[in-house]
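>
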Amino acid sequence: MKILAIRLKNLTSIEGTVEVDFTAEPLCSAGIFAISGPTGAGKSTLLDALCLALYDKAPRFTASVESVNLADVGDNRINQSDVRNLLRRGTSDGYAEVDFLGVDGHRYRSCWSVRRTRNKVSGSLQPQMMEVKELDTGKEFQGTKKELLAQLVELIGLTYEQFTRTVLLAQNDFATFLKSKGAAKAELLEKLTGTGVYSFISQEVFARNKAAQEEVALIHNKMSVIELIPEEEQLALQKEKELLAEKRSEGIKLLAEQNAQLNVVRSLKTQEELRTKKQKEEQGEQARLKTALDILASQEEGLVRFKAQWEAIQPDLKRARQLDVQIQSQQEGYIQSQQLLQAARKQVQEQDKRKRMVEEQLHLSYQTLRRLLNVAGTEDSLLLEQVEETLRQEEGNLSAGIETNEKRLERLNAFGYPSLAEEQVKLQKELARQQNIRQLTEALKKAMSEIEHLEKEAADCSKELSEREVALKTVQRLYENARMAVGKDVKALRRQLEEGEACPVCGSTSHPYHREQEVVDTLFRNMEQEYNAATAVYQQVNNRSIALQRDLAHQKMIAGQVREQLSAFQKESADTGNEEQIQQRLGELAKLILEYRNLYAEWQRGDEEIKKLRSHYEALRENVSRCRLAMQKVSAANEQSVLLQNAAIAEQKRFEVIEKALDTLRRERSGLLKGKSADEAEAAVARREGELNLALEKARKEVETAQNGLSGLQGELKQIASSIEELQVRQKQIEFPEQLPEAIKKQQEENLNTERSLSIIEARLLQQAKNKAAVELIAKELSEKQSVADRWAKLNKLIGSADGTKFKVIAQSYTLNLLLLHANKHLSYLSKRYKLQQVPGTLALQVVDCDMCDEIRTVYSLSGGESFLISLALALGLSSLSSNNLKVESLFIDEGFGSLDAESLRTAMEALEQLQMQGRKIGVISHVQEMSERISVQVQVHKKVNGKSVLSVVG
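FYI, in my numbering the residues of the sequence shown are -14 to 940.
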């Protein structure tokens, strides 16, 4: 896995778009580079952008545990742990984009972006978006943000936690880890390696053991609250239950007998009341029967009278039928005549309408003629013969105009306009080509002059650069010698020198600097300043040389482009003369074309005039034809109107005769049957006869119903009398019938008391059976729970603890051994003097000093530089431990160098320079000046006003 490029826009202090491309120079060939700048400039923002683009997370929010909402723009609020807080205030959108090499060897690009509503600074924050695509094929990955993040983990080969332990290393965590206590080491290992499951297991074992013991205690408590009845008391309760059951049966039997006797007394009283009621109903039925017989006699008499009246009106009915037939016949003639009359009147109206329409058409035609001829007056004042004479004159004018315009067209065709226009375009193109050649020739001369100047200046600069390089190497060699002279080992050796004794290095017996350490240090500082000045001058000349080479290449590229354009224009050469000749010919062509256009405009005006004359002539001729046709239609319409009016008058006279005969027959018929038809009269008679028959039948049914009801009541009275006699006999056999309700109530109370006593005993016996079954179940459950609790107690004794420390320390001891294995491997590259070991039985660390015959040293005896080397080895060891055999080619180390002295810092730099030889590109984030000076390739972050920072890559 390798980071190829980082791009970001409008994040924290960095405003606008910036890019750090590790595939371009100088970062491409640099094994180690520095990300430098003052505190708060935005160095760590680059790493935040890296994590945002790959995981939608940022390291700076890891420590945020409180859920606090902060004010955003307007009334909006945003949680303090929300990664959208990285968007720079006062901007509407931002993004973080990373190009990386995946575990499959393909190049990918992941982009995280956020914007405000409608891309306005005052808009509310929208949800962040993720986009992922493969750079080699251009394929875009699809899915939700969660799905894209899962695919990124597969492509990178690391989770976010593994990434921040493998690619991003926080140095301070391992300096703390080196000297912390055992429990703190376990917690820190747990955080760094992601093995917190061991603490969880320890706490879970403790919790489950506690729960198991509580369950056993709860079962004991449940068993202790169950009460069982003694055996003797249970037998006594069983015997008492049998006696009470027998007593309950006897009481129920006695109560049933008493209720039966009470029913006899109540039934006798009920039957006597019912007999009285039925006797009253019998009297009512007898009166109803008498009334029904009277109604029946009256209905029979009315039916006889109705039949006699019907026989009397038969002659009028016969005459009415004859008149109805005659009226019907006359009515058909009347309707037919009326329809003919209405049709004749309608034809007259329609003809009048058609006549008016024809007259209107004639009027409109005359109006159109007057408008075309621009003549006022009425139709009578406008004669068609005059109009036709005008029509012939216009026809002559039209022919003359057409002949004149055809002559103009012949003159236009003689000009040969297409060839003139073609020649004009060709000459214009040639003129433009010659002008371009002149301009490009001048530009080429200017570019060649600039190239000559830049080549001369570049040669001078190259010569100066060679001289500066020779001088820098000389100063660097002197500086390195001076640095070795002030080294720690040299100082110790110098202190051991004695006057007159030979130096073990050079063999001299004279030691001028033995007592003059301050002079040596002053010489070294002067040499160091001279070396730094020479380096700065060399860098300045080198930058100037690069700029000149860039400008020279740019000018050569411009000159090449001008030559290509000039060559292309020269190939298009045409034999049309020079610029002056072309311009003269263009002037002649312009005059000819102007003359052609004036004649063409004259022809167009003539053509428009001919079109107007032809249109007027055609309209006038058409309207004359319409007028003649309309006059013929008006004459025909007048003749047709006279014929239709005569036919309508004849039909009116015939209709009046038929109407008079029909009125005479209707007056005679209205005097018979009160004007009703024979069928209606017969229907009314039949309806009345039916009503009388129905009333007679109803009266007969009423009589029959009254007779049946009376017979039924008499039968019911006989049955009631028989029941009363039987009940009276049974009542005489009962002693004290009036005391039965009180005796029944007393027996019911006694039975209830017996039932209550029996229920209490049965409930106690049933509870005894349930308690025995419950005790057996609880005993079985107790045995099972006790077995489980014993197992958890043993496991809790081994690894369980309330805070998870016991198993965490055991498990992290193995993790620490594996970590030290990887750390010692890296430490062997950094310093062969030391090895790390675990103090047996603890999580404490100790150091083996190989230069001191493998002496065991405490980590507290290490100097600052030595602690840094060992801490760095631990960080790299964790990186190897977390990468799961994944090749990680990028490494970023964030801060941790500020507390080192100058010598420790040099040691650290030498260690980092050795580390890059292992194939990793290392980025060091630091604001330490000396480290920044030692690393030539730098990503510099400069603070500006208003909290704004800018980024530049130097080297």
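We put the CB at the ideal spot given by N, CA and C, even for glycine. Note that the structure is a prediction, hence the values are computed from the model and not measured.
1. Can you give me the Cβ contacts of Val939 inside the same chain, cut-off strictly under 7 Å, excluding the 5 residues immediately before and after it?
2. Any idea if Met512 is buried or exposed, counting beta-carbon neighbours within 10 angstroms, 16 or more meaning buried?
3. To which residues does DSSP link Ile63 through a beta bridge?
4. Please go through the same chain and pick out, in chain order, the residues whose beta-carbon is closer than 6 Å to the beta-carbon of Ser786, but skip the five residues on each side of it.
5. Look up Cys96 in the DSSP assignment and say whether it is helix, strand or coil.
6. Using CA atoms only, rank isn't needed, just tell me which of Thr649, Gln264, Leu650 is closest to Gln969.
7. In three-state DSSP terms, what is Ser366?
8. Between Gln692, Gln311, Val249, Leu228, which lies nearest to Gln718 when the distance is taken from Cα to Cα?
9. From Trp97, Ile20, Arg685, pick the residue whose C-alpha is nearest to that of Ser283; which is it?
10. Look at the alpha carbon of Gly1 and the alpha carbon of His927, and state the distance between them as a whole number of angstroms.
11. Ignore the nearest five residues each way along the sequence and tell me which others in Thr8's own chain have a CB closer than 7 Å to its CB.
12. Closer than 6 Å by C-beta to Ser366: which residues in its own chain qualify, once you throw out the five before and the five after it? Chain order, please.
13. Do Leu383 and Val372 have their C-beta atoms closer together than 9 Å?
14. Kindly indicate the opening and closing residues of the alpha helix (DSSP H) around Asn968.
15. Look up Gln637 in the DSSP assignment and give the residues it is bridged to.
16. With DSSP as the reference, label Gly79 as helix, strand or coil.
17. Tell me which same chain residues have a C-beta within less than 6 Å of the C-beta of Lys226, skipping the five on either side of it?
18. Can the beta-carbon of Lys(-13) be found less than 9 Å from the beta-carbon of Glu874?
19. With distances taken from CA atoms, which of Thr389, Leu533, Asn244, Lys431 is nearest Leu450?
20. Span of the beta strand (DSSP E) holding Val3?
21. For the region 793 to 803 against the region 825 to 835, are there 3 or more C-beta pairs whose distance is under 8 Å?
22. When the Cα atoms are used, what is the spatial distance from Leu628 to Gln334?
23. With distances taken between CB atoms, is the gap from Leu702 to Glu296 smaller than 9 Å?
24. Threshold first: 4 residues or longer. Then list the alpha helix (DSSP H) segments lying entirely within the region 398 to 471, N to C.
25. What residue does the alpha helix (DSSP H) around Leu35 start on, and which one ends it?
26. Compute the distance between the beta-carbons of Tyr80 and Leu120, then report whether it is under 9 Å.
27. Leaving aside the five residues before and after Gln625 along the sequence, list all residues of the same chain whose C-beta is less than 7 Å from its C-beta, in chain order.
28. Can you tell me whether Asn678 is helix, strand or coil according to DSSP?
29. So who's on the other strand from Gly656, going by DSSP bridges?
30. Let's see if you can read the secondary structure: which residues bound the alpha helix (DSSP H) around Asn931?
31. If distances are taken between C-alpha atoms only, which option among Lys779, Val619, Leu854 comes closest to Arg339?
32. Which stretch, first to last residue, makes up the alpha helix (DSSP H) that contains Ile186?
33. From this set, Leu537, Tyr464, Gln540, which residue's C-alpha is nearest Asp506's C-alpha?
34. Does the Cβ-Cβ distance between Thr739 and Leu239 come in under 9 Å?
35. Can you name the residues that DSSP bridges to Gln126?
36. What is the rounded straight-line gap between the Cα of Ala272 and the Cα of Gln692?
For this structure:
1. Gln923, Gln925
2. buried
3. Leu55
4. Ser187, Phe191
5. strand
6. Given a span of -14 to 940 for the chain in the structure shown, any question on residue 969 remains unanswerable.
7. The predicted position of Ser366 is uncertain, since its pLDDT is 48 and thus under 50; a value taken from the coordinates is nonetheless stated next. Looking at Ser366 - three-state DSSP - the assignment turns out to be coil, as it is neither helix nor strand.
8. Val249
9. Arg685
10. 14 Å
11. Leu(-11), Ala(-10)
12. Model confidence at Ser366 stands at a pLDDT of 48, short of 50, so the residue's coordinates are unreliable; what they give is reported in the following sentence. So no residue of the chain qualifies.
13. no
14. Beyond the ends of the chain as shown, which are -14 and 940, falls residue 968; an answer cannot be given.
15. Partner(s): none; Gln637 has no beta bridge.
16. strand
17. Ile746
18. yes
19. Leu533
20. -1 to 6
21. yes
22. 13 Å
23. no
24. 402 to 470
25. 28 to 40
26. no
27. Gln336
28. helix
29. The partner list for Gly656 (beta bridge, DSSP) is empty, contrary to what the question assumes.
30. Counting along the chain, Asn931 falls outside any alpha helix (DSSP H), and DSSP gives it neither H nor E.
31. Val619
32. 182 to 209
33. Tyr464
34. no
35. Here residue 126 turns out to be Phe, not Gln, going by the sequence shown. In DSSP, Phe126 forms no bridge with anything.
36. 11 Å
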